[in-house]
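Undergrad:
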Amino acid sequence: MATGDLAPSGSKPTEDLPVRPKQDTFDIVKTYHDLLQDPDLTKPVAAIEALITLLNASGTTTVYETLDLVKRHSDILRASVNNPVPLQAGTDLFLQYLVSSLKQQESGAADTSPHQSFEAVRTHLLRNGRLFASRAIAARDRIADAGWRFVRDGKVVLTHGASRAVSNVLFKAADQFGGGANGGGVRFKVVYVRDEHRVAESDRVVKELREKGIPVAEIAEPAVAHVLGLLRQVHMVFVGAEAVTQNGGIISRMGTYQIAKLAKEAGLPFYVAAESHKFVRKFPLDQRDLGFQQQVLDFRTDGSSVQPEDAVDYTPPDFISNLVTENGVKLPSYVFEQLLDIYGSLNG
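Residues in the sequence shown are numbered from 214 upward in steps of one, following the numbering used here.
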């Protein structure tokens, strides 16, 4: 659904609209990072919340001005981060929601002036801004409801990173087995792959799992191949994702791809727990086609190589057994269907 579809015949496209005055000092980047301090917010939802805050602070009075404002600040926000793909999932979704809301409002109010129609949608968006965040949290709980059944008696789950969706799946499984601080009822175990660059995060995730009574074995990343190769020691892999691409692959923390390859070599199921708001209109062909620059190889003759912060890799759908979403357990091909249903086109 194109933005231009909103314009009446003969009107100028959004790109030809006059730019708002420079005295508009709203800092979309700072707003986004402030919102991201909330541990319940994912990157796409924080981006959506930042755009809603922008609308609240702006004085736009027309559909065209508002769409232009949202587009420009979306571009600014995505340009401010090393990996813009998760933010694109959020900004695209919000823009599509905005356009769809305006279309519905206009079609349902034939006797209402365009200005009144726009104001109704704008008021609705601002009044229900936190709805996006609450839906994201609810989605995580529904993912747990759909995914915990994979974690059966006596099974061992390997995971890494700090995905809140994955943690919720494991917490739910522990609760279902009667787990608690004493660990009396939990009948599964977790192998957690530590990240030497995120010591505090690894400590926190392990602590939270153990507080639920889940027995956790910590291993270093170089030990993954050995551990997955131990017969019947690990039964499945659960990971999260920063973004889920339109072909059903995932962009996630560096190291996810190699874990997926090792899991497939060992004949183990590889599950991805991810909210549908992370679905994005991107189709990477390989590791060089992520959609942004990431300098992993830093050749030097002196000093230490510098690694990019929050480096990610791409795991193709061929390595993914199932996506566990708030809408249930799906095959990777589900992403294409969902994005087509939302946008009507996959030309991002």
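Where is the CB? At the ideal position from N, CA and C, for every residue including glycine.
Remember, it's a predicted structure, so these values are computed and weren't measured experimentally.
#1: On a CA-only basis, which of Leu422, Thr279, Val542 is nearest Val334? Give me that one, please.
#2: Output the residue ranges of the beta strand (DSSP E) runs that lie fully inside the region 337-408 and measure 3 residues or longer, sorted by chain position.
#3: Kindly provide the ranges of any alpha helix (DSSP H) runs that are 4 or more residues long and lie completely inside the region 444-523, ordered along the chain.
#4: Between Gly303 and Val258, how many whole angstroms is the CB-CB distance? I'm expecting something under 8 angstroms.
#5: At the level of alpha carbons, what is the spacing between Gln520 and Ala436?
#6: Since Ile265 contacts His373 with CB under 8 angstroms, what's their CB separation in whole angstroms?
#7: Does the beta-carbon of Leu498, which I'm using as the reference point, lie nearer than 7 angstroms to any heavy atom of the ligand SAM?
#8: Closest by CA to Arg423, which one among Ala270, Phe496, Val403, Gly462?
#9: Would you call the CB atoms of Glu421 and Ser380 closer than 8 angstroms?
#10: My output table needs one value for Thr528: the three-state DSSP class, helix, strand or coil.
#11: Output yes or no for whether 8 angstroms exceeds the beta carbon distance between Ala454 and Ile464.
#12: Looking only at DSSP bridge pairs, what is Gly541 linked to?
#13: Using CA coordinates, which residue listed in Val548, Asp499, His246, Leu383 is at the minimum distance from Lys491?
#14: Could you check what DSSP says for Ile432 in three-state terms: helix, strand or coil?
#15: Pull up the distance between the alpha-carbon of Pro545 and that of Gly462, whole angstroms please.
#16: Relative to the C-alpha of Gln498, which residue among Tyr527, Thr514, Gln508 is closest?
#17: May I ask you to report which of helix, strand or coil DSSP gives Gln551?
TA: Inspection of the coordinates gives the following:
#1: Walking along the sequence shown from the start, residue 334 turns up at place 121. Of the listed residues, the one whose Cα sits closest to Val334 is Thr279.
#2: 369-373, 402-407
#3: 469-478
#4: Taking the first residue of the sequence shown as position 1, residue 303 is located at position 90. Taking the first residue of the sequence shown as position 1, residue 258 is located at position 45. Yes, they are in contact, since the Cβ atoms of Gly303 and Val258 sit about 6 angstroms apart, within 8 angstroms.
#5: In the sequence shown, counting from the first residue as 1, residue 520 sits at position 307. In the sequence shown, counting from the first residue as 1, residue 436 sits at position 223. Taking the straight line joining both Cα atoms gives about 21 angstroms.
#6: Here residue 265 corresponds to residue number 52 of the sequence shown, with the count starting at 1. Here residue 373 corresponds to residue number 160 of the sequence shown, with the count starting at 1. Actually they are not in contact, since the Cβ atoms of Ile265 and His373 sit about 33 angstroms apart, beyond 8 angstroms.
#7: Annotation note on the ligand SAM: not contained in the displayed structure, which lists no ligands.
#8: Sequence index remark: in the sequence shown, residue 423 carries index 210 (1-based). Ranking Ala270, Phe496, Val403, Gly462 by Cα distance to Arg423 puts Val403 first.
#9: Here residue 421 is taken as the residue at index 208 of the sequence shown, counted from 1. Here residue 380 is taken as the residue at index 167 of the sequence shown, counted from 1. Their beta carbons are under 8 angstroms apart, which means Glu421 touches Ser380 by this criterion.
#10: As a first step, residue 528 must be located in the sequence shown, where it is residue number 315. Here Thr528 sits in strand by DSSP.
#11: Walking along the sequence shown from the start, residue 454 turns up at place 241. Walking along the sequence shown from the start, residue 464 turns up at place 251. In contact: Ala454 and Ile464 (Cβ atoms closer than 8 angstroms).
#12: The sequence position of residue 541 within the sequence shown is 328, counting from 1. Per DSSP, Thr538.
#13: The count along the sequence shown starts at 1 and reaches residue 491 at position 278. Nearest of Val548, Asp499, His246, Leu383 to Lys491, Cα basis: Val548.
#14: Taking the sequence shown and counting its residues from 1, one reaches residue 432 at position 219. Three-state result, Ile432: strand.
#15: For the purposes of this step, residue 545 is identified with residue 332 of the sequence shown, where counting begins at 1. For the purposes of this step, residue 462 is identified with residue 249 of the sequence shown, where counting begins at 1. Those two C-alpha atoms are separated by around 7 angstroms.
#16: Along the sequence shown, one-based indexing puts residue 498 at 285. Per the sequence shown, the amino acid found at residue 498 is Leu instead of Gln. Nearest option by C-alpha distance: Tyr527.
#17: For the purposes of this step, residue 551 is taken as the residue at position 338 of the sequence shown. Of the three classes helix, strand and coil, the one that applies to Gln551 here is helix, per DSSP.
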